[in-house]
Amino acid sequence: MTAEFWVTQTFNGLSYGALLFLLASGLSLIFGVMRVVNLAHGSYFMLGGYVGLSVMWRTGSYVLALIGGALALAVIGIAMERLFLRRLSGQTLGQVLMTIGFALIFQDLALLIWGGDPYSIRPPAMLSGVVTAGPGRFPVYRIFIVVIAVVIGALLWLALDRTRIGAMIRAAVDDPEMASGVGIRVPRVSLAVFALGAALAAFGGVVGAGFLGVYPGLDFEILPYAFVVVIVGGLGSLPGAMVGSLLVGLLDNFGKALFPELSYFTLFAPMALILALKPTGLFGRV
Amino acid sequence: MTRTRVLAIVALLAFAAPLAAPPGAPAQSAPIKIGFLAPLTGPFAQIGKDMVSGNELYLKEIGGQVAGRRIEIIVEDDEGNPATALNKSRKLVDQDKISILTGGMLANVGYALQPYVDAQKMPTTFPVIAADDITQRKPAKWIVRTGWATSQPMHPFGEWVLKNTKYRKIAAIGMDYAFGYEIIGGFQQVFEEGGGQIVQRIWAPLNTNDFAPFLAQIRRDADAVLALFTGRLALQFVKQYEEAGLKGKLPLLGGGTLTDETVLPQMGDEAIGLITALHYSQALDNPANAKFNKAFEASAGKIASYYSEATYTNARWIVEAIKAVGGKVEDRDAMLAALRKVDLKDTARGPLKVDDFGNPIQNVYIRKVERVGGKLQNTVIATYPGVSQFWKYKPDEYMKRPLYSRDYPPCKHCQ
Amino acid sequence: MNRRPIVLGVGALVAAAVVAPFLASYPLTLLTQVAIMAVLAMSLDILLGYTGLPSLGHAAYFGAAAYAVGILATERQAGFVTCLVAGVVVAAVTAALFGLIAIRATGTYFLMITLALGMVVWGLAFRWVSLTKGDNGIAGVPRPELGLPWSLSSPLPFFYFALIAAALAWAALGTLARSPFGLTLRGIRESETRMRALGYDVWLHKYLAFVISGAFAGFAGVLWAWYNGFVSPVDVQLVTSVETLLMVALGGPGTLAGPALGAAVIVFLKNFVSVYTKRWLLILGAVYIGVILFAPRGVLGALRSRR
């Protein structure tokens, strides 16, 4: 095990964690505000990638692909929340079955629209290439993912911590009844958070399509990762999502590199351990 | 079926032909039902679609009938799931009363079906499922392979690399399941017997999406890397291999699916120069392939792949066997024997014969990815004619060795 | 005490037993599947319907038992009793371990944790290649010899075997549900705090329900391994767990006969619809959504509230 191995693997784990943060932060926020376990969240990631791909084909613009993917899924998220999920508030089982139903429908629609071939989105030339520094080699695209995740994480934190709407969201997370008692329109906050969560996942999907690709089955492959992140970090907590993503990114990466035979065990077993010690996750409160 | 009975039926048919519906031979005028399994939903849906299209194309070309009987194909979605494949086979056999079962894509579907079709005595062909032992150590009596055995192209590839390159130390990375073991193992067997060394073997899980942890482990002191991935994994691996800056340093060799034509159109310049081995290439230059390519593109709206060629040729194979039994597919023993006797001189992938174990003896092509007319293709740079699944070994000696696996051949030169 | 589900259930069992000899072998194999899936759905009902714990990892116990049978039957040539006992015990032990972690959580947390624990078992099935053969799965699992004049390898005897197994499981779970233990579980479902105040050990009751439910899921897994002759990671994956939840929700949680009916509907739906259209996933997705919107308490639940 050389220094190069440790440096490269750590960076890889970091960049994978950054991508997971984009996916899982939305899931965590949605849960925090609405107590919805959204099994269609992986579908947002996949559909975001597909929409981004189509935008890329039409316009050739990577930036438009990012925006297009996020916007399209924000709209889908709004429709799902408004028309279906809202009437199930408080019914855990109903929400699970409803969102899994949507996940199946999205999966089939994606197959119908984009066919089953695997695709990848080619990022612009300035994001390709490799930077060599010291013993490590760092693909530019992965550096870009880390930067994007840091920026979005910072923006989310600022928005939640420093703005009026952020205060409203935090109030709704802490105690929905109290929040509506003081005049916060919780349904509207929920809708906004749901749209934001879906958009973040889709954004992650477009970014992810640059190196994971986009293909049928991506939805259910990525979903468990998102769940592990929020379970480890604590449901509804932004810092939890950050720490959880990093932890999962690193665990997954080193697990696969050091103990390939047990790679899933090295991911899920520490999670079970954390849960055994602290059932609400590292940063969870309830 | 005795010859006299055959003669009697032929005579009866000849006399009855002017009549609209000869009551003596209802089975002869009824359609021949063929059950066709393919993954039509889930991650492999596109490959399933290619398989269905290839099969349809051939049957359309012959007007949908053979030996005076119409052919009815009943397609069922196996979801790439062995339990579903079994379920659908039961439906095809029991309810639809098929005479021949064919299709299937994944090795686990093949292993799940094997005991069932043997118990049912159902003549079955596998155009795509390639798991070695289905026609080797545990041969299925009722299955004839019209496709290939996994390690079949890799034995000659090992020899070709020794004779035509200076690579003597190769690091291997493959998918962590039987298909991966058999591809890498077949190469390693011949390559090491000829003096080469496999210096590393890395097995990546099937649902890997980030290859970084594996790419970082590849030994930089190797001469080249041998990789085996399929579908979207192939697409991502080749891309991430280049992004990690490895392509310039360590030339990439691969099993045929690494650059097969279901993924090649979505690849970019990162694929150029890759050398792989398979029993088919869409860019293969022969009249049958030219005809197949043209017809396939016209009907399916995309380029042919080894999957569509597999089912196209498989359909022809079945039709030839039906002709050989004079359309009497209900005689299952005769049908099976006919399937095992098919000898085709001019298929899109070259001449085909069956060995004693039910696997084709066929050409193996060494292919190199090139950009021709703006499109990537697998240009054939060498041909090994008439390769058996046992390569140059004697079958019984070959089968005394264990099946290629995670542990076999042992990695003597790995550290 | 509502007797309607029992009458319905017994009626269905008798009808299936009478009709079976006249069926072609394909519908018969589907009915066999229904019987096995009914056991799985009923086992989940003990948790979801009676105790109010929505488990999203039920395939773990089902799959663990199926793997135990697969491995023992192919590598050790184990017979009927060994396979049956080993399968159920492996499932119960898995549930006992997972229960220690999961039972502390409630509601959504319980759901997420069981989902994640289910993934652990899937991960092992998929990656512990030396034991489970990984993605290839374990093929050629023989059906047991019972020393009876009929071989279980033909469809009809195996159907009766599965039907009797399902009837026994139903009877056992029904007895459990009506026992004082079962009534306590229902009390916990309605109000944990009240039961705690009355002096019941809520944790222990939930834990026992969890283990019993896992053991019965294992029983279904044993039958499944024999039925298919094949075990693969698909049996353990998330979709299997979710489908089981759907069966329970569709039929009506807390009725036992309802989830069994749900199992029948889902098995037939999947196998019939997929014959007619490639777009059957769309339809299945719509069924999930439709059940929640139009029959939130399940079919039997809806029947019951109409009285």
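Protein chains in written order, with our numbering: chain V, 34 to 319; chain D, 55 to 469; chain Y, 3 to 309. The beta-carbon is built from N, C-alpha and C at its ideal position, and this holds for glycine as well.
Should residue i be labelled buried (16 or more other beta-carbon atoms within 10 Å of its own) or exposed?
| i | result |
| --- | --- |
| Ser-181 (chain Y) | exposed |
| Phe-253 (chain V) | buried |
| Met-131 (chain V) | buried |
| Thr-437 (chain D) | exposed |
| Arg-286 (chain D) | buried |
| Tyr-63 (chain Y) | buried |
| Asn-218 (chain D) | exposed |
| Pro-209 (chain V) | buried |
| Ser-132 (chain Y) | exposed |
| Tyr-278 (chain Y) | exposed |
| Val-244 (chain Y) | buried |
| Trp-152 (chain Y) | exposed |
| Ser-215 (chain Y) | buried |
| Gln-336 (chain D) | buried |
| Val-269 (chain Y) | buried |
Any heavy atom of the ligand ADP inside 6 Å of the beta-carbon of residue i?
| i | result |
| --- | --- |
| Gly-169 (chain V) | This structure lacks the ligand ADP; in fact it carries no ligand of any kind. |
Could one say the Cβ of residue i lies closer than 7 Å to chain V's Cβ atoms, at least one of them?
| i | result |
| --- | --- |
| Gln-290 (chain D) | yes |
| Arg-394 (chain D) | no |
| Pro-56 (chain Y) | yes |
| Met-311 (chain Y) | With chain Y represented from 3 up to 309, any question about residue 311 (chain Y) goes unanswered, as that position is not in the structure. |
| Gly-309 (chain D) | no |
| Glu-351 (chain D) | no |
| Thr-116 (chain Y) | no |
| Val-204 (chain Y) | no |
Please report whether the beta-carbon of residue i lies at a distance below 7 Å from any beta-carbon of chain D.
| i | result |
| --- | --- |
| Ala-153 (chain Y) | Contrary to the premise, residue 153 (chain Y) reads as Ser rather than Ala in this sequence. It does not; no Cβ of chain D falls within 7 Å. |
| Ala-290 (chain V) | yes |
| Lys-280 (chain Y) | yes |
| Arg-170 (chain V) | yes |
Output the distance between the C-alpha atoms of residue i and residue j, rounded to the nearest integer angstrom.
| i | j | result |
| --- | --- | --- |
| Ala-141 (chain Y) | Ile-329 (chain D) | 35 Å |
| Asn-413 (chain D) | Val-182 (chain D) | 12 Å |
| Phe-211 (chain D) | Gly-327 (chain D) | 16 Å |
| Ile-166 (chain Y) | Leu-119 (chain Y) | 31 Å |
| Phe-260 (chain V) | Ala-57 (chain V) | 7 Å |
| Gly-157 (chain D) | Ala-92 (chain D) | 6 Å |
| Val-247 (chain V) | Tyr-83 (chain V) | 7 Å |
| Asn-417 (chain D) | Thr-179 (chain D) | 20 Å |
| Ala-259 (chain Y) | Glu-114 (chain V) | 33 Å |
| Ala-174 (chain Y) | Gly-11 (chain Y) | 14 Å |
| Ser-107 (chain D) | Asp-150 (chain D) | 21 Å |
| Ser-278 (chain V) | Gly-75 (chain V) | 15 Å |
| Leu-49 (chain Y) | Ala-19 (chain Y) | 29 Å |
| Val-441 (chain D) | Pro-157 (chain Y) | 42 Å |
| Asp-450 (chain D) | Gln-35 (chain Y) | 41 Å |
| Leu-160 (chain D) | Phe-54 (chain V) | 34 Å |
| Gly-238 (chain V) | Gly-81 (chain V) | 5 Å |
Mind checking if residue i is an interface residue toward chain Y, Cβ cutoff 7 Å exclusive?
| i | result |
| --- | --- |
| Thr-165 (chain V) | no |
| Asn-135 (chain D) | yes |
| Asn-162 (chain D) | yes |
| Asp-409 (chain D) | no |
| Arg-274 (chain D) | no |
| Phe-287 (chain V) | no |
| Tyr-297 (chain V) | yes |
| Pro-312 (chain V) | yes |
Contact the segment 297 to 308 of chain D vs the segment 203 to 210 of chain D: 3+ CB pairs below 8 Å: no
Length-filtered (4 minimum) alpha helix (DSSP H) runs lying within the segment 149 to 230 of chain V: 173 to 195, 197 to 207, 209 to 214
Contacting positions in the segment 40 to 72 of chain V - beta carbon closer than 7 Å to chain B: Annotation note: the requested chain B is absent from the structure, which comprises protein chains V, D and Y.
Contact between the segment 89 to 96 of chain V and the segment 300 to 313 of chain V (3+ Cβ pairs under 8 Å): no
Cβ contact (3+ pairs, closer than 8 Å) linking the segment 214 to 227 of chain V and the segment 252 to 263 of chain D: no
Ordered list of beta strand (DSSP E) runs contained in the segment 335 to 411 of chain D, each at least 3 residues: 398 to 401, 404 to 408
Sequence ranges, alpha helix (DSSP H) only - wholly within the segment 157 to 203 of chain D, length at least 4: 161 to 174
Those runs of the beta strand (DSSP E) which lie wholly inside the segment 240 to 291 of chain D and span at least 3 residues: 251 to 258, 278 to 282
contact_flag[the segment 276 to 284 of chain D, the segment 223 to 242 of chain D] where n(CB pairs < 8 Å) is 3 or more: yes
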